[in-house]
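Protein chains in written order, with the numbering used here: chain A, 1 to 276; chain B, 1001 to 1327.
See structure below.
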């Protein structure tokens, strides 16, 4: 791996726009206060940032925008902890601090010409939005795209406007654990959709969501004949540095921050603590 | 011919150094019941302890302190703290090797810049009766060869400069540099990584979980445990929403502690048994594969200070003995 000089000093950004995605999730669009820092910043779909409101700590948040929106960056924040709650209280123009980008990214060479199946549970759609939006810009970089999204209730479903727009170049399938009669998607788990959707054996599946989603999803994907190296999982772990030092994100022989966050199932299927 | 210094001149060397830099080294508290040795700022050579064996906290406390400020913030600005130059005087070879490995960990594959800034400001002088090994990043090595004489090996421009002092004279030939490790030490067993990796279902982990208090002392006293947490500390008298005054601190953590892998809604390592296995897995599987060295210098600090009397040498011996029976 390439040696990179890395420190803990964050870059200053400003909140440019706030969009409510669900009662618990907000999307923040950020701009660099120093244009020169912004010009140098680059990232690829799948990479994440450490984002903080100084005094409240840091959170690991994946970039949800694409490089065509640079130098602006977009993140999705679910209000769950000390820092994320404070990020929800930010107003347009307020400062916000980031370090990164960290982690690996999606390899479009491997995805070229293939059927891509995205399986996202809850907030798990946010880390995959950059990938989907990159395909939206140039749908020919992959064969075809299917997006399977699950949420607790229709109210918790995030990126509703995007999902409507994405139908123009991909097949969108929605499910909710609980829903009223107005809901015309599936009622149940997002992994149920794998039984209903037609998926080829040489597709690439990309999973992001709560840990309980992975085991049933992998089982079904393997049944469809999809190889272990074509099942991609985005893992979540506690992180304190993003540089492979602090040890909080280790998962067996892997660091989720530098070896991941995206792993193929073949890389981690023998790992002793993947599904802890 | 090689450089040497007489024992009586060590006090002069110390005085010269402490006139220019703060000097830290091992010191002894004779009244202490346990833990007689510790590293502290030495005001005079009289307080320096030769042959200290091991201190409670390893020298990592100077490179990766129990708590340090990464930067201060306030008025929407960030300022990193200044570092001061210090000299670590009279560490033994084992502690020197611990620093060598910690340096490696903190620069590969990604450089920890904060560590490097601190590291560049620390000069190291090792005093030991063993010859220097090839796993040292020190400035000057003094090897005690008889009651009164120390051979001097400068390893950096700073060390060369010190060795220019008139009390360094020339002596007869020196012996060859020793091999790195005694081969019989259990931590250098050639298949140890495989053995520990395959031992996840061994009953020893349940047994250890029954005795371990998960207090984390084994991590704190370990020269090669380096896990940390990062937290913000704020001045509540000046706290304004979205413009706090305070600092971001990095402090020691321990993978033995229950919340080590806990995020808001999920704990990724809730079982003590898994945390103990992970401690050994990190030291004897992940670290050898990452850095080519075990995460242990066999100093025995964690054995001395474990309140549950857990001894990693015994644990590893049992795993090695049962190698064929576990998988």
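Cβ coordinates follow ideal geometry from the N, Cα and C atoms, glycine included.
All figures in this text were calculated on a predicted structure; none of them were measured in a lab.
Check                                                                                                                                                                                   : Outcome
Give the interface partners of residue 25/A over in chain B, defined as CB-CB distance under 8 Å, in chain order.                                                                       : Neighbours of residue 25/A on chain B: none; closest Cβ ~14 Å, over 8 Å.
Could you check whether the Cβ of residue 1078/B sits closer than 6 Å to any heavy atom belonging to the ligand GDP?                                                                    : Ligands displayed in this structure: none; no statement on the ligand GDP is therefore possible.
At what residue ranges does the segment 124 to 182 of chain A contain a whole run of the alpha helix (DSSP H), taking only runs of 4 or more?                                           : 126 to 137, 160 to 166
Run through the DSSP bridge pairs and tell me what residue 1048/B is partnered with.                                                                                                    : 1027/B
Rounded to the nearest angstrom, what separates residue 1053/B and residue 1015/B at their Cα positions?                                                                                : 24 Å
Is it true that the CB of residue 1227/B sits closer than 7 Å to the CB of residue 1206/B?                                                                                              : no
Got a sec? Which residues, its chain only, sit under 7 Å from residue 1178/B by beta carbon, not counting five neighbours each side?                                                    : Unreliable positioning characterises residue 1178/B in this predicted model, as indicated by a pLDDT of 47, which lies under 50. The coordinate reading is nonetheless provided below. Here the set comprises 1130, 1131, 1133.
Measuring only the C-alpha atoms, how far is residue 1201/B from residue 1219/B?                                                                                                        : 23 Å
Give me the residue from 35/A, 24/A, 67/A with the minimum Cα distance to residue 45/A.                                                                                                 : 67/A
Mind reading off the beta-carbon distance from residue 174/A to residue 149/A? Whole number of angstroms is fine, and I expect it under 8 Å.                                            : 5 Å
Taking only beta-carbon atoms, is residue 15/A less than 7 Å away from chain B?                                                                                                         : no
Return the residues of the segment 1058 to 1072 of chain B that lie within a Cβ-Cβ distance of less than 7 Å from chain A, sorted by chain order.                                       : 1070, 1071
Restricting to Cα atoms, I'd like to know which of 130/A, 25/A, 189/A is closest to residue 69/A.                                                                                       : 130/A
Determine, for residue 1230/B, whether the minimum Cβ-Cβ distance to residues of chain A falls below 7 Å.                                                                               : yes
I think residue 1004/B touches residue 1189/B, with their Cβ atoms under 8 Å apart; what is that distance to the nearest whole Å?                                                       : With a Cβ gap of about 38 Å, residue 1004/B and residue 1189/B do not count as contacting.
DSSP state of residue 99/A, grouped into three classes?                                                                                                                                 : strand
Could you work out which residues of chain A lie near residue 1209/B, taking near to mean beta carbons separated by less than 8 Å?                                                      : Simply none; closest approach about 15 Å.
Please report how far the alpha carbon of residue 1225/B lies from the alpha carbon of residue 1209/B, in whole angstroms.                                                              : 20 Å
Does DSSP classify residue 1311/B as helix, strand or coil?                                                                                                                             : coil
Going along chain B in order, which residues have a C-beta closer than 8 Å to the C-beta of residue 114/A?                                                                              : Under the 8 Å cutoff, chain B gives no residues; its nearest Cβ is about 30 Å from residue 114/A.
Please specify which runs of the alpha helix (DSSP H), each continuous and at least 4 residues long, are wholly inside the segment 1222 to 1272 of chain B, giving them in chain order. : none
Residue 100/A CB to nearest chain B CB: under 7 Å?                                                                                                                                      : no
Looking at the unbroken alpha helix (DSSP H) that takes in residue 1291/B, where does it start and where does it end?                                                                   : 1287 to 1291
State buried or exposed for residue 1023/B, treating a residue as buried only when at least 16 other CB atoms are found within 10 Å of its CB.                                          : buried
Would residue 257/A count as contacting chain B if we go by Cβ distances under 7 Å?                                                                                                     : no
Starting from residue 12/A, trace the beta strand (DSSP E) both ways and give me its first and last residue.                                                                            : 11 to 22
Buried or exposed: which applies to residue 221/A, given that a residue is buried once 16 or more other Cβ atoms fall within 10 Å of its Cβ?                                            : buried
Can you tell which of 33/A, 54/A, 271/A has the C-alpha that lies nearest to the C-alpha of residue 1231/B?                                                                             : 54/A
Residues of the segment 1109 to 1135 of chain B with a CB closer than 8 Å to any CB of chain A: list them in chain order, please.                                                       : 1109, 1110, 1111, 1112, 1113, 1114
What did DSSP end up calling residue 1150/B once you bin it into helix, strand or coil?                                                                                                 : strand
Take residue 1114/B and list the residues in its own chain whose beta-carbon comes closer than 8 Å to its own, dropping the five residues that flank it on each side.                   : 1068, 1070, 1250
Which chain B residues sit within Cβ distance under 8 Å of residue 80/A?                                                                                                                : 1264, 1265
Let me see if you follow: with CB-CB separation under 7 Å, is residue 253/A close to chain B or not?                                                                                    : yes
Grouping DSSP H, G and I as helix and E and B as strand, with all else coil, what is residue 250/A?                                                                                     : strand
Could you tell me the alpha carbon to alpha carbon distance between residue 1036/B and residue 1065/B, rounded to whole angstroms?                                                      : 21 Å
Would you check if the segment 1088 to 1096 of chain B and the segment 1119 to 1127 of chain B touch, i.e. whether three or more CB-CB distances between them fall below 8 Å?           : yes
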